[in-house]
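Student: Counting from -19, one number per residue, gives the positions in the sequence shown under the working numbering.
Yeah, the Cβ is synthetic: ideal placement off N, Cα and C, and Gly gets one too.
The following block contains the structure, expressed as structure tokens.
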Amino acid sequence: RISEKDFVVVIHASPQHKSHEWFKDRFALLADELIKEYNANIIFTGAEKDNEYNEDILKMMNYKAINYSGNSIQEFFAMIKRANLIISVDTSAMHVAAAFNKPVIALFGAGNPRVWHPYCDNFKVIYKDEVAHTRCWKHDCYLKGERYMECMKNIQIHDILKAIDEMNIL
């Protein structure tokens, strides 16, 4: 049970497009770190189709988190509204968070964060422009071998933790 005083982090990990996907194991490590460092309550959101995706992440974690995928849009909005922080790949969840003016961290790869960043008072975009190929705007990465998804591979857990510290939300 989550109380009013609890620090709640909503993570929206599942992307609409493959090129916006971070990595399940990194989400698991990030969630564990947030629980360990900040005593955070972690809630993974998504549509019904994201249930298995989120369960895969939860199975990799050392701590407990909640899979809140498949709820109604009203319940999803209520969860975003309750959260103290939202971490999302480049998808609608970051825009819903921005609409409620919630602190949000958005992970960008093939999308264009200069156009599609969250429009709110307290946000951070994690985007590695030195390796990202935003000009591709593809839904599937066109790079092969070691370079496959390099824009998302270059986003590290410490980048997100640093962004949290800079946002002064704790």
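1. Hey, is the segment 73 to 80 in contact with the segment 46 to 65, meaning 3+ C-beta pairs nearer than 8 Å?
2. Would you mind working out which of I106, I85, E28, K29 sits nearest I(-9), comparing C-alpha positions?
3. Given that a residue counts as buried once 16 or more other Cβ atoms are within 10 Å of its Cβ, and exposed if not, what is E1?
4. Which same chain residues, not among the five before or five after A63, have their C-beta less than 8 Å away from its C-beta?
5. Check the DSSP bridge columns for S68 and list the partner residues they point to.
6. Flag this pair as touching only if the segment 26 to 39 and the segment 100 to 107 have three or more C-beta atom pairs under 8 Å; answer yes or no.
7. Nearest-angstrom Cα distance between P(-5) and V69?
8. With F24 as the anchor, note down where its beta strand (DSSP E) starts and where it stops.
9. Could you please give the first and the last residue of the uninterrupted alpha helix (DSSP H) stretch that includes N47?
10. Run the CB neighbour count on S(-17), radius 10 Å, all protein chains shown included, and call it buried at 16 or more, exposed below.
11. Compare the Cα-Cα distances from H138 to each of A20, R6, I60, L38 and report the closest residue.
12. Short of 7 Å in beta carbon distance, which residues of its chain neighbour I135, apart from the five on each side in sequence? Order them along the chain.
13. Using only alpha-carbon positions, find the residue among P98, I60, M41, E35 that is nearest to K16.
14. Which residue or residues does DSSP assign as beta-bridge partners of I106?
15. For L150, count neighbouring Cβ atoms within 10 angstroms of its own Cβ and tell me buried if that reaches 16, exposed if not.
16. If you measure between the beta carbons of L38 and N51, is that distance less than 7 Å?
17. How many whole angstroms separate the CB atoms of L141 and E13, which I take to be in contact at a CB cut-off of 8 Å?
Tutor: The structure says:
1. Yes: the two stretches touch, three or more of their Cβ pairs being nearer than 8 Å.
2. The sequence position of residue -9 within the sequence shown is 11, counting from 1. For I(-9), the closest C-alpha among the options I106, I85, E28, K29 is that of I85.
3. Counting from 1 along the sequence shown, the entry for residue 1 is found at position 21. Buried is the call here.
4. As a first step, residue 63 is located in the sequence shown; it is residue number 83 there, counting from the start. Excluding positions up to five away in sequence, the list reads V(-12), V(-11), V(-10), I23, A77, K82.
5. Within the sequence shown, numbered from 1, the residue matching residue 68 stands at position 88. DSSP, once it has assigned bridges, lists H(-8), A86 as partnering S68.
6. No: the two stretches stay apart, fewer than three of their Cβ pairs being nearer than 8 Å.
7. Translated into positions along the sequence shown, residue -5 becomes position 15. Translated into positions along the sequence shown, residue 69 becomes position 89. Going by C-alpha positions, P(-5) is about 6 Å away from V69.
8. As a position in the sequence shown, residue 24 is number 44, starting the count at 1. Residue range 21 to 26 is occupied by the beta strand (DSSP E) that includes F24.
9. Here residue 47 is taken as the residue at index 67 of the sequence shown, counted from 1. Not the alpha helix (DSSP H): N47 falls in the beta strand (DSSP E), residues 46 to 49.
10. Along the sequence shown, one-based indexing puts residue -17 at 3. So S(-17) counts as exposed.
11. In the sequence shown, the residue the question calls residue 138 occupies position 158. Selected option, being the one with the closest Cα: R6.
12. Taking the sequence shown and counting its residues from 1, the one referred to as residue 135 is at position 155. Around I135, the same chain offers W2, L87, I106, K108 as residues with beta carbons nearer than 7 Å, after the five sequence neighbours per side are excluded.
13. Position 36 of the sequence shown, counting from 1, holds the residue named residue 16. Cα-wise, what sits closest to K16 is M41.
14. Translated into positions along the sequence shown, residue 106 becomes position 126. Partner(s): L87.
15. Taking the sequence shown and counting its residues from 1, the one referred to as residue 150 is at position 170. L150 should be labelled exposed.
16. By one-based count along the sequence shown, residue 38 stands at place 58. By one-based count along the sequence shown, residue 51 stands at place 71. Their beta carbons are not under 7 Å apart, which means L38 does not touch N51 by this criterion.
17. Translated into positions along the sequence shown, residue 141 becomes position 161. Translated into positions along the sequence shown, residue 13 becomes position 33. About 7 Å; that satisfies the 8 Å criterion.
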